[in-house]
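Structure record follows, encoded as structure tokens.
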Amino acid sequence: MEDERSSLRCKYKGIFGSPEEPFFNDKNYGVAPDILKEWLIELNLRNKEVIENADLKQDYFYHSDAICFIFKTCENFKLQNNVKYHAAELFERFMLKHVQDLYEHLRTTEPKNKLLKWEEILARIQNQALLRLVSCCQISSKMVSHYKLRNMIALTAITGILIICLITLHLGYNEPSLNVKPYHAVSMKVMDVVYLKKREIYEELFLVITRHLTPTFPEMQSFYKVKTDQILLAISVLAAAVYIADRPSTDMVIQQLHMITKRTSDDILDFATVIVQSVMEGGGDMPNVK
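Sequential numbering from 1 applies to the sequence shown in full-length UniProt numbering.
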């Protein structure tokens with residue numbers, strides 16, 4: 001009896017009894033298929049809203065130095081993976097809105113010396129960057145702790161990590177023979193690379209799609225819908241992780257991901273290929289996690 005209690009405590013270790021990771025291939029403690037399906041439907045609806053409201057000005061503050069600082073800060077404080085990804089998204093969104101507001105205020109209120117004033121504003125923004133980064137980590141930590149109590153999919157409009165978790169769970173139901181837990185573990189490492197090299201990865205993906213590096217405005221608009229598709233990002237990261245951890249199962253998993261999300265297999269394969277190449281260039285061959 002005591003061993004069973006210890007096992008349950010281990011399973012539910014975390015804030016207010018929340019598990020540290022999903023229960024993959026676990027019929028006793030895993031999410032019921034019907035509930036999982038409802039979550040995925042809700043995710044898809046939210047994802048469509050994000051794509052429809054895509055703004056070409058977004059992603060301007062995705063600098064690798066800022067992302068690296070956020071990741072190291074969250075690691076030093078032993079925060080969950082969700083926190084660092086959410087903090088990175090929060091920082092980008094806040095900085096974009098902050099700079100736009102400052103620019104608009106300067107444009108409408110200052111009668112002269114606008115250029116000098118703007119240079120002063122930019123210097124102040126740069127000096128405050130460290131404070132903004134730390135604040136985003138703190139806010140993200142509080143939000144992630146809060147959503148555990150309120151709503152499991154509360155942050156999905158901001159980060160694709162939860163999408164990976166849910167689709168990996170769905171994959172485990174569709175193909176019980178697959179041990180999907182290693183896929184999730186490798187996906188977390190792959191997603192780190194994607195965030196740190198986001199610009200390079202999407203530039204390479206644009207080249208794969210258009211076959212040239214000089215975009216027209218319509219091409220930029222069309223491609224930005226690809227950049228804001230969190231579901232496509234999540235399943236491509238997952239497909240890349242499967243290729244790294246369990247190469248023989250890659251084709252079957254990509255087909256399953258197509259069936260679950262309705263994204264074409266070719267789109268998933270193209271994006272996953274770019275991600276795998278970036279991972280291999282960045283740090284060599286990743287371990288085969290079994």
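Here a beta-carbon is modelled for each residue, glycine too, at the ideal position from N, C-alpha and C.
- DSSP places Asp-192 in the helix class (H, G or I) of the three-state scheme.
- Cβ neighbours of Leu-269 within its own chain (closer than 8 Å, five residues either side excluded): Ala-239 and Ile-254.
- In terms of Cβ geometry, Leu-133 and Phe-91 form a close pair [threshold 9 Å].
- In this model, Ala-123 and Leu-102 are separated by some 13 Å (Cα to Cα).
- Put simply, the backbone Cα of Lys-97 is about 37 Å away from that of Met-259.
- With respect to Tyr-60, Tyr-195 sits apart: the two C-beta atoms are not nearer than 9 Å.
- At least 9 Å separates the beta-carbon of Pro-33 from that of Tyr-183.
- The C-beta separation of Ile-167 from Ile-244 comes to about 17 Å, leaving the pair out of contact by the 8 Å criterion.
- Burial of Phe-69 is indicated by the presence of at least 16 other C-beta atoms within 10 angstroms of its C-beta.
- Counting C-beta pairs with one atom in each stretch, the stretch 47-54 and the stretch 104-113 have fewer than three that are closer than 8 Å, which means they do not touch.
- Note that the C-beta distance between Asp-229 and Ile-35 is not below 9 Å.
- Annotated as proximal: Ile-275 and Ile-201, with beta-carbon spacing under 9 Å.
- Rounded to whole angstroms, the Cβ separation of Asn-82 and Met-188 is 10 Å, and the two are not in contact under 8 Å.
- Beta-carbon to beta-carbon, Phe-94 and Cys-136 are separated by about 7 Å, close enough to satisfy the 8 Å threshold.
- In the DSSP assignment, Phe-61 falls outside any alpha helix (DSSP H) and carries neither an H nor an E.
- Distance from the Cα of Lys-142 is smallest, within the candidate group Lys-181, Val-31, Arg-211 and Cys-74, for Cys-74.
- Spanning the alpha carbons of Ala-88 and Gln-58 requires a straight line of approximately 13 Å.
- In the structure shown, Lys-97 adopts helical secondary structure according to DSSP, grouped into three states.
- Taken atom to atom, the span from the alpha-carbon of Gln-128 to that of Glu-104 is near 19 Å.
- The beta carbon of Lys-227 lies closer than 6 Å to those of Tyr-202 in the same chain, with the five residues before and after it left out.
- Gln-126 sits in a helix when the DSSP states are folded into three classes.
- The three-state reading of DSSP puts Ala-234 in helix, counting H, G and I together.
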